[in-house]
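Asks: Before I ask anything, here is the structure I am working with.
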Amino acid sequence: TTVQLEKEFYDQSTKTNKTLSSVQQEISGKLQTLAEDLSTLKAEVVADQVSLANVQADVKILSADVAVSEGKVLDLTEASEKMMK
Numbered sequence: 001t002t003v004q005l006e007k008e009f010y011d012q013s014t015k016t017n018k019t020l021s022s023v024q025q026e027i028s029g030k031l032q033t034l035a036e037d038l039s040t041l042k043a044e045v046v047a048d049q050v051s052l053a054n055v056q057a058d059v060k061i062l063s064a065d066v067a068v069s070e071g072k073v074l075d076l077t078e079a080s081e082k083m084m085k
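Heads up, the sequence shown is in this note's numbering, so the first residue is 1 and it goes up one at a time.
What follows is the structure in structure tokens.
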């Protein structure tokens, strides 16, 4: 009968709406988790960039120290050669 069909349609519609709501909540939760993960990754990238900049600064300082040391070695070598003559 028509009433029976309407009831079945209503029941199916209600079931579909509950399923849809559940799926929407699941998707929303996953999107929230992804947003949090992305935020964490961005913070880690920034921290890594700061660390890299610090390492690069240290390398420049060490390079300058090596250059100074090489200069001193050359000076000592020249002085030693002059003394041996």
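All residues carry an ideal CB built from backbone N, CA and C; glycine is no exception.
My output table needs one value for T77: the three-state DSSP class, helix, strand or coil.
Replies: Along the sequence shown, one-based indexing puts residue 77 at 77. The answer is helix: DSSP assigns T77 an H, G or I state.
Asks: CB-CB under 6 Å to T16, same chain, minus the five flanking residues each way: which ones, in chain order?
Replies: The sequence position of residue 16 within the sequence shown is 16, counting from 1. Once the five neighbours on either side are set aside, T16 has no close Cβ partner at all.
Asks: Taking the runs of the alpha helix (DSSP H) that are 4 residues or longer, which of them lie wholly in the region 26 to 73?
Replies: Taking only runs of at least 4 residues, no alpha helix (DSSP H) segment lies wholly in the region 26 to 73.
Asks: My output table needs one value for K7: the three-state DSSP class, helix, strand or coil.
Replies: Position 7 of the sequence shown holds residue 7. K7 falls in the helix class under three-state DSSP.
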